[in-house]
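Residue numbers (this note's numbering), protein chains in the order written: chain A, -10 to 291; chain B, 165 to 531; chain C, 22 to 269.
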């Protein structure tokens, strides 16, 4: 196991940021830590990057302890702490060279690792990092984190402040990097990005509520799920919640996701109930749950 | 009106809940009143002097006692020779010397007139003038007493201003400004640069790199050291060519001492930055913890000897106090290391202590 | 059921740069209007003009009947505003925040008392009423900020990325609050970068480079751009020349 997290807990003054976290990441895995703001993602990543010490439990990266052997670990990881990891008044090229030099990396030798990414921003190499768009900053930060050929990449919310198109490109770059053998941990508040990972840990208020392949988590979703719509979405949701067989009903864009307590109701019965409530243009279909459905189910349990 | 009062009551809550604001609102005025009250005085007392009584007779002893019991003076050195006297001045141990000639008493008795010499350290012209005036007044008072008692021997006072016979006030002022400027640039700027790295978040990435804390610290400080050297050069040149400061001592020594002082200031700046979470805090601590004490307690405006003991002790902990002595020694008095070994040694010690503390405090984790 | 917001050729320039370029649209009373666009498209500038914080360079905007250029103070008094970046004072308690904002919007003492109790009860914050806002989880803070933005019963409420970073469950509860407000006749203008939330709006507009390039109901836009969801609509608008999801 490339990374082992065992019974990890961490508090700050009154707030318990992480409670009894356990998981491991295999070499070459693309592992996602999924959770909203305040769930504890950044704290977890700082602990992994040896920047904080656990209150309880321990973390091992490639067999080394993050408290006792932190120096050795630091040489082998690439850390990208969200929006702020670049020098705003240095140019793209200067930033890259700085991090290469600080890590004692051979630019020529390692360039091929970052080439597909750097090529996209190279035309702007003299522009100051502060003047770059979110997407370009993201690419540059990734290059700077990779230039010393780490074996583990820690990316804490790399998509913050970046437009959706660039974010999608970023995940494609990660897939390419994975093929090169890097172990990558990414944290994100976007549930749909979970599907792009090999395995994910769902983080909720400092606790891990699920760890597995995204498909496995979805398989374990306990309720039958439907997508429902009508002409009046808000009223639809309220009416369905009144109905006894309903476990939960929440908006998901165009449709509302409806979960029932048991599988004993057919779509026609749902349609009948809705027509009874006076809904028009009712549409019901059975759907497979997504990670967000699972996350909400966990939240409801808490 | 209601909305106006709602706003006011909110502002009160913010203030009362912010410890730092409370400290400034209540702590600072009290501290400042006390500080200024004790420090802000041009009256001198307990000034360190030396008495060279080459006569040792009744008269000279009486006059000496009169001087020493006035409260203005404190005898710190007993000197037997001129060399010793000059040495005391060079080291900055005394501000005034009273010299009685060997025949003081005899002269008074026989010829009805005697001389006494008052020598002042005019590298601080205001202090020297004040002290000489005090001494002269005491001598005059003593003389009048004797006249009333029937003796008619006037005591002639010969005054000499060492190092600055023209009593140029610039001599007192420029060294102090040099001290202040170097402290300002070196300490404040360094503290801000490290705090800025923390604030911007790039510090996290540096910490996780193979760079060791000492490398980060020295790396951060080096450009400022280089720039400060440049700054110091300009200040010295301005002092000499625009303000007419003399350069009586060795340039090499001045350079060495100045670099030493800047190292101390830099390491102080770094130490502050390890305590500050952001640039604002760094600036705040630098201003309150460095600038104010330097201006008030280092002796460059207000004489240290007149301050109550606790403030003098604090003043002794300020690097500026010692550098001030050193500049005056090198530039005005033209002395060498043999007279300045004490302040130099203290600065070296301070540099080591602060660099050591900074390295120790510089956390290579986030908490 | 008139138009609560009427915008006609609204423009704002900064020197040579045109941040908002002749945008026009109308919002009906009780409508939930989604105001979307990429960062830098001009959304924030447009919003600032509509809330009376920035003077238009040309064009007009009427909010709740007031011309934003001539009567910005009246506009500010009739609208509610909540943004992601700032909504409440963290070092004041829940109760103090409610009372403060109520106070500056001119509520009388008795009204304040009533409203404070009402808000606390509706949100279920009885236990936390005396706690500092900074100790509340993000989702609760946003819900409270929304309630506070409505405390003076404004006709229009502007919400700037109100659910950013909030957990999925609370986000939906928040939108239920938006629906309830809409049902009470309040007009809401919302910006968000959660594309699925665009679906909850009655109509949306998408700004690109200072212009409004799309304005319609979510369903109509999906059809118009032959897209599966709003995400795709957005991507097609934002980078029309780029094939979607291509890396060198």
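Ideal placement from N, C-alpha and C gives every residue a C-beta, glycine not left out. Small disclaimer: the values here were computed from a predicted structure and weren't measured.
Practice task
Could you say which of C:223, C:162, C:47 lies nearest to residue 144 of chain C if we only look at CA atoms?
Solution key: To locate residue 144 of chain C, count along the third chain from 1; it is residue 123. The shortest Cα separation from residue 144 of chain C among C:223, C:162, C:47 belongs to C:162.
Problem - is_contact[residue 497 of chain B, chain C] using C-beta, thresh 9 Å - result: What you label residue 497 of chain B is simply residue 333 of the second chain in a count that begins at 1. Not an interface residue.
Exercise for the section: Quick one: which residues of the stretch 252 to 267 of chain B get their C-beta closer than 9 Å to a C-beta of chain C? List them in chain order. Expected result: Within the stretch 252 to 267 of chain B, no residue has a Cβ lying closer than 9 Å to any Cβ of chain C.
Exercise for the section: Tell me residue 241 of chain B's beta-bridge partners as DSSP assigns them. Expected result: Translated into the one-based positions of the second chain, residue 241 of chain B becomes position 77. In DSSP, residue 241 of chain B forms a bridge with B:214.
Exercise for the section: Identify, in the order they occur along the chain, each residue of the same chain with its Cβ nearer than 8 Å to the Cβ of residue 426 of chain B, setting aside the five sequence neighbours on each side. Expected result: Taking the first residue of the second chain as position 1, residue 426 of chain B is located at position 262. Correct list, in chain order: 346, 350, 389, 392, 393, 396.
Handout entry: Interface positions of the stretch 362 to 379 of chain B facing chain A (Cβ-Cβ less than 8 Å), listed along the chain
Key = Residues passing the 8 Å Cβ filter: 364, 365, 366, 368, 369, 370, 371, 372, 373, 374, 375.
Handout entry: Within 9 Å, strictly: CB atoms of residue 418 of chain B and residue 341 of chain B
Key = The residue labelled residue 418 of chain B in the question sits at position 254 within the second chain. The residue labelled residue 341 of chain B in the question sits at position 177 within the second chain. No. Outside cutoff.
Problem - chain A residues whose Cβ lies nearer than 8 Å to that of residue 530 of chain B - result: The residue given as residue 530 of chain B occupies position 366 in the second chain. Ordered by position in chain A, the residues that pass the 8 Å Cβ test against residue 530 of chain B are 35, 40, 41.
Problem - Stretch-stretch touch, CB-based, cutoff 8 Å, three pairs: the stretch 43 to 61 of chain C with the stretch 130 to 146 of chain C - result: Pairwise C-beta distances place the stretch 43 to 61 of chain C out of contact with the stretch 130 to 146 of chain C, as fewer than three of them are shorter than 8 Å.
Practice task
Measure the Cβ-Cβ separation of residue 522 of chain B and residue 466 of chain B and say whether it is below 9 Å.
Solution key: If you number the second chain from 1, residue 522 of chain B lands on position 358. If you number the second chain from 1, residue 466 of chain B lands on position 302. Going by C-beta atoms, residue 522 of chain B is not nearer than 9 Å to residue 466 of chain B.
Exercise for the section: Measure from the C-beta of residue 109 of chain A to each C-beta in chain B and report whether the shortest distance is under 9 Å. Expected result: Locating residue 109 of chain A in the first chain gives position 120, counting from the first residue. Judged by the 9 Å Cβ criterion, residue 109 of chain A is not in contact with chain B.
Problem - Neighbouring residues, chain E, relative to residue 93 of chain A (Cβ below 9 Å) - result: Protein chains in the displayed structure are A, B and C, and chain E is not among them.
Practice task
Check whether the Cβ of residue 28 of chain A lies closer than 9 Å to any Cβ atom in chain C.
Solution key: Residue mapping note: residue 28 of chain A aligns to position 39 of the first chain, counting from 1. Cβ-Cβ to chain C under 9 Å: yes for residue 28 of chain A.
Problem - From C:208, C:125, C:189, residue whose alpha carbon lies closest to that of residue 170 of chain B - result: Numbered from its first residue, the second chain carries residue 170 of chain B at position 6. Of the candidates C:208, C:125, C:189, the one whose C-alpha sits nearest the C-alpha of residue 170 of chain B is C:125.
Handout entry: residue 108 of chain C versus residue 167 of chain C - alpha carbon distance
Key = The residue labelled residue 108 of chain C in the question sits at position 87 within the third chain. The residue labelled residue 167 of chain C in the question sits at position 146 within the third chain. For residue 108 of chain C and residue 167 of chain C, the distance between alpha carbons rounds to 8 Å.
Practice task
Compare the C-beta of residue 121 of chain C with all C-beta atoms of chain B and state if any pair is closer than 9 Å.
Solution key: The residue given as residue 121 of chain C occupies position 100 in the third chain. Closer than 9 Å to the CB of residue 121 of chain C there is at least one CB belonging to chain B.
Handout entry: Simplified DSSP assignment, three categories, for residue 238 of chain C
Key = Counted from its first residue, the third chain places residue 238 of chain C at position 217. In the structure shown, residue 238 of chain C adopts coil according to DSSP, grouped into three states.
Handout entry: Run of the alpha helix (DSSP H) containing residue 257 of chain A, from where it starts to where it stops
Key = On the first chain, position 268 is the one that residue 257 of chain A refers to. Its alpha helix (DSSP H) spans residues 256 to 265.
Exercise for the section: Anything in chain C within Cβ reach of residue 176 of chain B, meaning under 8 Å, just list it in chain order. Expected result: Locating residue 176 of chain B in the second chain gives position 12, where the first residue counts as 1. Taking a Cβ-Cβ cut-off of 8 Å, residue 176 of chain B has no neighbours in chain C, whose nearest Cβ is about 11 Å from it.
Exercise for the section: Throw me the rounded Cβ distance for the residue 214 of chain B and residue 258 of chain B pair, which I believe falls under 8 Å. Expected result: Taking the first residue of the second chain as 1, we reach residue 214 of chain B at position 50. Taking the first residue of the second chain as 1, we reach residue 258 of chain B at position 94. The distance from the Cβ of residue 214 of chain B to that of residue 258 of chain B is about 5 Å, consistent with a contact at the 8 Å cut-off.
Exercise for the section: Going by CA-CA distance only, name the one from B:520, B:526, B:530, B:482 that's closest to residue 510 of chain B. Expected result: Within the second chain, residue 510 of chain B is the residue found at index 346, counting from 1. By alpha-carbon distance to residue 510 of chain B, the top candidate from B:520, B:526, B:530, B:482 is B:482.
Handout entry: residue 252 of chain C, DSSP secondary structure in three states
Key = Locating residue 252 of chain C in the third chain gives position 231, counting from the first residue. Helix at residue 252 of chain C.
Handout entry: Range of the contiguous alpha helix (DSSP H) that encloses residue 54 of chain C
Key = In the third chain, counting from the first residue as 1, residue 54 of chain C sits at position 33. Boundaries for residue 54 of chain C: no alpha helix (DSSP H) harbours it, while the beta strand (DSSP E) harbouring it runs 53 to 58, taken from the DSSP string.
Problem - Cutoff 9 Å: residue 173 of chain C Cβ touching any chain A Cβ - result: The residue you call residue 173 of chain C lines up with position 152 of the third chain. So, not an interface residue.
Problem - Member of A:114, A:135, A:226 whose CA lies at the smallest distance from the CA of residue 262 of chain A - result: As a position in the first chain, residue 262 of chain A is number 273, starting the count at 1. Residue A:226 is the option with its Cα nearest to residue 262 of chain A.
Handout entry: Which residues DSSP lists as bridging residue 70 of chain A, in chain order
Key = Position 81 of the first chain, counting from 1, holds the residue named residue 70 of chain A. DSSP output for residue 70 of chain A lists A:145 as bridge partner(s).
Exercise for the section: Find the nearest neighbour of residue 239 of chain B within the set B:489, B:469, B:488, B:300, judged by alpha-carbon distance. Expected result: Position 75 of the second chain, counted from the first residue, corresponds to residue 239 of chain B. When each option's Cα is compared against that of residue 239 of chain B, the closest is B:469.
Problem - Span separating the alpha-carbon of residue 159 of chain B from that of residue 500 of chain B - result: Outside the displayed span of chain B (165 to 531) sits residue 159 of chain B, for which this structure offers no information.
Handout entry: Burial state of residue 265 of chain C, where buried means 16 or more other Cβ atoms lie within 10 Å
Key = As a working note, residue 265 of chain C is residue 244 in the third chain. In this prediction, residue 265 of chain C has a pLDDT of 47, which is less than 50 and means its spatial position is unreliable; what the coordinates show is noted afterwards. Residue 265 of chain C is exposed by the Cβ-count criterion.
Problem - Segments of 3+ residues assigned as beta strand (DSSP E) that fall wholly inside the stretch 162 to 220 of chain C - result: Segments of the beta strand (DSSP E) lying fully in the stretch 162 to 220 of chain C: 177 to 181, 208 to 212.
Exercise for the section: Kindly say whether residue 66 of chain A, judged by its beta-carbon, lies nearer than 9 Å to any beta-carbon of chain B. Expected result: Counting from one through the first chain, the residue named residue 66 of chain A turns up at place 77. For residue 66 of chain A, the answer is yes, since a Cβ of chain B falls inside 9 Å of its Cβ.
Exercise for the section: With a floor of 4 residues, list each alpha helix (DSSP H) that falls wholly inside the stretch 190 to 238 of chain A, ordered by position along the chain. Expected result: Annotation note: the stretch 190 to 238 of chain A contains the following uninterrupted alpha helix (DSSP H) runs of length 4 or greater, listed N- to C-terminal: 203 to 208, 222 to 231.
Problem - Under 9 Å by beta carbon: chain B residues contacting residue 117 of chain C - result: Stepping through the third chain from its first residue, residue 117 of chain C is reached at position 96. Those are 173, 174, 177, listed as they occur along chain B.
Problem - CB of residue 361 of chain B within 9 Å of CB of residue 370 of chain B, strictly - result: For the purposes of this step, residue 361 of chain B is identified with residue 197 of the second chain, where counting begins at 1. For the purposes of this step, residue 370 of chain B is identified with residue 206 of the second chain, where counting begins at 1. Closer than 9 Å, so yes.
Handout entry: Touching by the beta-carbon criterion (3+ pairs, under 8 Å), the stretch 135 to 154 of chain A and the stretch 171 to 180 of chain A
Key = With the cut-off at 8 Å, the stretch 135 to 154 of chain A and the stretch 171 to 180 of chain A touch.
Exercise for the section: Ignore the nearest five residues each way along the sequence and tell me which others in residue 528 of chain B's own chain have a CB closer than 7 Å to its CB. Expected result: As a first step, residue 528 of chain B must be located in the second chain, where it is residue number 364. The residues 371, 377, in chain order, have a CB closer than 7 Å to that of residue 528 of chain B in the same chain once the five nearest residues on each side in sequence are set aside.
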